[in-house]
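Student:
Residue numbers (UniProt numbering): 1 to 127.
1. Considering only residues of the same chain and omitting the five flanking positions on each side of residue 47, which have a CB-CB separation below 8 angstroms?
2. May I ask you to report which of helix, strand or coil DSSP gives residue 16?
3. Output the distance between the C-alpha atoms of residue 60 and residue 38, rounded to the nearest integer angstrom.
4. Kindly list the residues whose CB is nearer than 6 angstroms to the CB of residue 33, restricted to its own chain and excluding five residues on each side of it in sequence; keep chain order.
5. Answer with buried or exposed for residue 69, where buried requires no fewer than 16 other C-beta atoms within 10 angstroms of its C-beta.
6. Determine the contact status of residue 52 and residue 14, defining contact as a CB-CB distance below 8 angstroms.
7. How long is the line joining the alpha carbons of residue 26 and residue 71, rounded to whole angstroms?
8. Would you tell me roughly how many angstroms separate the C-alpha atoms of residue 11 and residue 64, rounded to the nearest one?
9. In this structure, does DSSP put residue 11 in helix, strand or coil?
10. Would you tell me roughly how many angstroms separate the C-alpha atoms of residue 85 and residue 62, rounded to the nearest one?
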C-alpha cells in the first residue's frame, strides 16, 4: 500500500496506528486487517472513503451493542443476582458469590453480630 494512502487513511480516521517516539506510524495486526478491509471496500466494492468511514463506525457500534446485550442477558439470568440488606436497611443487588463490604463500627472486618448471622433472606424469582 502506498505511503500516501496510509497517511490519508490515518488523516480520515479509517485506521489509527500507534506512534513511535519520532512520530512514525506503527501498525498493529488489527490495523493491518483494517487496512486490508478498507482497501477491499474501496477497490472491489467501489465505496468511497466517507462511506467506508460510516461502515466502520456502524460495525463498531454493532460490536458495542452486542457486548452490552451479552452483559444484560447475563445479569437477567435467574440466580445471577442475589439481593442483600445493608446495615442501613437498604436492599442491594450483588453477584452470586460476591460478599458485601461491612462497615467497621468497632468490629473487625468480617465479624458479624448475632442478628446479622441470623438474618438471611434468599429470594428466587418464579417463572
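Glycine is no exception: its CB is placed at the ideal position from the N, C-alpha and C atoms. Small disclaimer: the values here were computed from a predicted structure and weren't measured.
Tutor: Taking the definition as stated:
1. Position 47 of the chain shown, counted from the start, is the residue given in the question as residue 47. Once the five neighbours on either side are set aside, the close Cβ partners of residue 47 are 41 and 55.
2. What you label residue 16 is simply residue 16 of the chain shown in a count that begins at 1. Here residue 16 sits in coil by DSSP.
3. Mapped onto the chain shown, residue 60 falls at position 60. Mapped onto the chain shown, residue 38 falls at position 38. Take the alpha-carbon of residue 60 and the one of residue 38: they are about 14 angstroms apart.
4. Counting from 1 along the chain shown, the entry for residue 33 is found at position 33. Nothing listed; no residue qualifies.
5. In the chain shown, counting from the first residue as 1, residue 69 sits at position 69. Its Cβ having fewer than 16 others within 10 Å, residue 69 is exposed.
6. Position 52 of the chain shown, counting from 1, holds the residue named residue 52. Position 14 of the chain shown, counting from 1, holds the residue named residue 14. Yes.
7. Reading the chain shown from its first residue, position 26 is the one you call residue 26. Reading the chain shown from its first residue, position 71 is the one you call residue 71. The straight-line gap from Cα to Cα measures roughly 33 angstroms.
8. Within the chain shown, residue 11 is the residue found at index 11, counting from 1. Within the chain shown, residue 64 is the residue found at index 64, counting from 1. Going by the C-alpha atoms only, they are around 24 angstroms apart.
9. Against the chain shown, residue 11 aligns to sequence position 11. Of the three classes helix, strand and coil, the one that applies to residue 11 here is helix, per DSSP.
10. Translated into positions along the chain shown, residue 85 becomes position 85. Translated into positions along the chain shown, residue 62 becomes position 62. Approximately 37 angstroms, taken between the alpha carbons.
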